[in-house]
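Engineer:
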Amino acid sequence: MLLRSSSESSVDRHPSNPAAEGFIKVDTEEGGKTEESPAEEMQQRGQVAAEAVAAISGLATDFGDGPMTLNILLSSGAGSAFLAALVNLLHVLYYHPLALLSVVEGLSLVAFSIMMLAVDLPTHNRVAMELRGFTEGFLKILTRITGKGAWYGYLGSAVFSSMRSNNCWAAGAWLLGGYTFLVGLIAGALGFSKSRKLNRIRREVGLQFDNDAERVYESFAVDDPSRGMTREEFAAMACNN
Numbered sequence: 001m002l003l004r005s006s007s008e009s010s011v012d013r014h015p016s017n018p019a020a021e022g023f024i025k026v027d028t029e030e031g032g033k034t035e036e037s038p039a040e041e042m043q044q045r046g047q048v049a050a051e052a053v054a055a056i057s058g059l060a061t062d063f064g065d066g067p068m069t070l071n072i073l074l075s076s077g078a079g080s081a082f083l084a085a086l087v088n089l090l091h092v093l094y095y096h097p098l099a100l101l102s103v104v105e106g107l108s109l110v111a112f113s114i115m116m117l118a119v120d121l122p123t124h125n126r127v128a129m130e131l132r133g134f135t136e137g138f139l140k141i142l143t144r145i146t147g148k149g150a151w152y153g154y155l156g157s158a159v160f161s162s163m164r165s166n167n168c169w170a171a172g173a174w175l176l177g178g179y180t181f182l183v184g185l186i187a188g189a190l191g192f193s194k195s196r197k198l199n200r201i202r203r204e205v206g207l208q209f210d211n212d213a214e215r216v217y218e219s220f221a222v223d224d225p226s227r228g229m230t231r232e233e234f235a236a237m238a239c240n241n
């Protein structure tokens with residue numbers, strides 16, 4: 001005679017009642033699962049957020065390592081803003097020609113995006129060069145990476161808001177406005193990171209040379225001091241600190 005163990009005798013694996021068999025199956029399948037505590041769930045969410053921040057920071061660093069890639073990114077952001085602003089202006093002129101505030105807003109967004117196209121597009125067109133010179137003379141902040149990041153963030157959100165308020169191409173508002181805003185975030189993160197690194201180098205070089213700018217220049221500008229430091233000489237100074 002065969003004897004069943006206590007665990008086998010407590011649960012009949014082949015009951016005559018089909019409903020009981022279903023309850024047993026669910027009970028045995030769920031028995032192996034463990035419920036996560038709220039603390040573990042919050043920890044997992046924190047890890048996901050940290051990974052997202054690290055991904056954005058790494059993306060900004062990668063763009064910073066390649067100047068040509070950064071130029072392409074900024075040019076595409078300007079082109080995206082211009083396309084969205086132009087579509088929005090045409091929509092307002094066609095459907096709401098008497099809405100003067102909307103028309104002025106659309107014209108302003110187009111003008112701002114054209115200005116950023118002139119600043120960031122690698123072109124030697126006469127009009128573009130004149131706009132670039134005007135920007136460098138009177139809007140210097142728009143020629144700096146951090147300033148461009150803040151401006152593209154504003155331009156993307158302004159284009160998105162204008163298109164949505166005018167009921168103009170909802171998908172385009174999300175895609176073009178969102179992409180321009182993302183370009184602003186990346187450029188702003190890159191500019192902030194580079195500014196912190198330069199400030200750290202400035203402090204360390206100042207401590208090393210007792211804040212004597214002439215000694216710093218004489219120590220590193222060895223190729224042609226009359227024309228300033230080369231990129232390699234500046235990189236050597238930064239690496240030494």
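Every letter in the sequence shown is one number past the one before it in full-length UniProt numbering, and letter 96, counting from 1, is 96.
The beta-carbon is built from N, C-alpha and C at its ideal position, and this holds for glycine as well.
Keep in mind it's a predicted model, so treat the numbers as computed, not measured.
Just to confirm before moving on: does the CB-CB distance between residue 209 and residue 155 stay below 8 Å?
Structural biologist: No, the Cβ-Cβ distance between residue 209 and residue 155 is not below 8 Å.
Engineer: Counting Cβ pairs closer than 8 Å, one from the stretch 144-162 and one from the stretch 174-190, do we hit at least three?
Structural biologist: A contact exists between the stretch 144-162 and the stretch 174-190.
Engineer: Hey, quick one: how far does the alpha helix (DSSP H) through residue 199 stretch, first residue to last?
Structural biologist: First-last of the alpha helix (DSSP H) with residue 199: 178-208.
Engineer: Please determine, among 145, 100 and 43, the residue with the shortest C-alpha to C-alpha distance to residue 74.
Structural biologist: Closest by alpha carbon: 145.
Engineer: If you reduce the DSSP assignment to three classes, tell me which class residue 225 lands in.
Structural biologist: In this structure, residue 225 counts as helix in the three-state DSSP scheme.
Engineer: Tell me the residue span of the alpha helix (DSSP H) that contains residue 151.
Structural biologist: It spans 145-165 - the alpha helix (DSSP H) in which residue 151 sits, taken as one unbroken run.
Engineer: Assess, as a yes-or-no matter, whether the stretch 100-119 is touched by the stretch 77-88 under the definition of 3 or more beta carbon pairs within less than 8 Å.
Structural biologist: Yes, the stretch 77-88 is in contact with the stretch 100-119.
Engineer: Here's the rule: buried if 16 or more other CB atoms are within 10 angstroms of the residue's CB, otherwise exposed. What is residue 120?
Structural biologist: Residue 120 should be labelled buried.
Engineer: Alpha carbons only, please: which of 135, 96 and 232 is nearest the one belonging to residue 221?
Structural biologist: Taking only the C-alpha atoms, the option nearest residue 221 is 232.
Engineer: Does the Cβ of residue 174 have 16 or more other Cβ atoms within 10 Å, making it buried, or fewer, making it exposed?
Structural biologist: With fewer than 16 other Cβ atoms within 10 Å, it is exposed.
Engineer: I'd like the list of long-range same chain contacts for residue 192, defined as Cβ closer than 7 Å, with 5 residues on each side in sequence excluded.
Structural biologist: Closer than 7 Å at the Cβ level, and outside the excluded window around residue 192, lie 146.
Engineer: Below 8 Å between beta carbons: does that hold for residue 106 and residue 162?
Structural biologist: It is a contact, given that the beta carbons lie within the stated cut-off.
Engineer: Compute the Euclidean distance between the alpha carbons of residue 136 and residue 71, then round it to the nearest angstrom.
Structural biologist: So the alpha carbons of these two residues sit roughly 17 Å apart.
Engineer: So, with DSSP's three-state summary, where would you put residue 212?
Structural biologist: If DSSP states are grouped into helix, strand and coil, residue 212 belongs with coil.
Engineer: Quick check on residue 37: does DSSP put it in helix, strand or coil?
Structural biologist: In this structure, residue 37 counts as coil in the three-state DSSP scheme.
Engineer: Let me confirm a value: residue 91 is counted as buried when at least 16 other C-beta atoms fall within 10 Å, else exposed. Which label applies?
Structural biologist: Per the 10 Å Cβ criterion, buried.
Engineer: What residue from 139, 196 and 82 has the CA that sits closest to residue 109's CA?
Structural biologist: The shortest C-alpha separation from residue 109 is found at 82.
Engineer: By a C-beta neighbour count over all protein chains shown, 10 Å radius and 16 as the cutoff for buried, is residue 239 buried or exposed?
Structural biologist: Flag for residue 239 reads exposed.
Engineer: Would DSSP call residue 98 helix, strand or coil?
Structural biologist: Here residue 98 sits in coil by DSSP.
Engineer: Assign residue 230 to one of three DSSP states: helix, strand, or coil.
Structural biologist: Coil.
Engineer: Report the rounded CA-to-CA distance for residue 177 versus residue 160, giving the unit in angstroms.
Structural biologist: Rounded to whole angstroms, residue 177 to residue 160 spans 5 Å at the Cα level.
Engineer: Check whether the Cβ atoms of residue 253 and residue 117 lie closer than 8 Å to each other.
Structural biologist: As displayed, the chain neither begins before 1 nor continues past 241, which places residue 253 out of reach and without an answer.
Engineer: Among residues of its own chain, excluding the 5 on either side of residue 77, which ones have a beta-carbon nearer than 6 Å to its beta-carbon?
Structural biologist: Excluding sequence neighbours, residue 77 sits near 152, 180 and 183.
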